[in-house]
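Read through the structure below, which is laid out as structure tokens, and then see the notes.
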Amino acid sequence: MKISEKNICQSCGMPMKNMTDFATDSDGSINTEYCHYCFEDGEFTDRGISLEEKMARNIQIAEKLGMSKATASKLARNTLPKLRRWRKSNKAKQEKK
Ligand SMILES: [Zn+2]
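Under my numbering, residues -17 to 79 are what the sequence shown spells out, in order.
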């Protein structure tokens, strides 16, 4: 399997380059859609989190890695809403209201 830079986590936008970056399904197989921070053993590790909360969390992590808050915040807002996990949940949220 070839891993390209297109492999970004569809939950947090993290680029995944190594096999160990990927999530695992409940049967132990590799799930290339998400990173192992977000998704493990077939479930989201932060199930029920909202997009806003996820963005705030991402910004915190990026800041710890040395990114400025402004850059981290821009990156999160540009990336996360486009990811598969959030496009789906956004729609569900709107229908509920
Ligand atoms: Zn992730």
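In this text, a Cβ means the ideal position worked out from N, Cα and C, and glycines have one as well.
Helix, strand or coil: how does DSSP classify residue i here?
i	result
Asn0	coil
Thr61	helix
Thr27	coil
Asn13	strand
For residue i, tell me which candidate among the options has the shortest Cα-Cα distance.
i	options	result
Thr6	Cys(-6), Tyr19, Gly(-5) and Pro(-3)	Tyr19
Pro81	Ala52, Thr2 and Asn40	Because residue 81 is not part of the residues shown, which for the chain are -17 to 79, the question remains open.
Ala58	Met37, Lys51, Leu65 and Met1	Met37
Arg67	Asp28, Ala52, Lys51 and Lys56	Asp28
Tell me which same chain residues have a C-beta within less than 6 Å of the C-beta of residue i, skipping the five on either side of it?
i	result
Ala54	Ile41, Ala44 and Glu45
Quick one: what's got a C-beta closer than 7 Å to residue i's C-beta in the same chain, skipping five residues either side?
i	result
Tyr16	Cys(-9), Gln(-8), Ser(-7) and Ala5
Does the structure place the stretch 47 to 54 close enough to the stretch 15 to 28 that three or more beta carbon pairs sit under 8 Å? Put simply, the stretch 15 to 28 does not touch the stretch 47 to 54. Fewer than three CB pairs are less than 8 Å apart.
Between the stretch 30 to 37 and the stretch 7 to 19, do three or more beta carbon pairs fall short of 8 Å? no
In chain order, what residues have a CB nearer than 6 Å to some heavy atom of ligand 1? Cys(-9), Ser(-7), Cys(-6), Met(-4), Tyr16, Cys17, Tyr19 and Cys20
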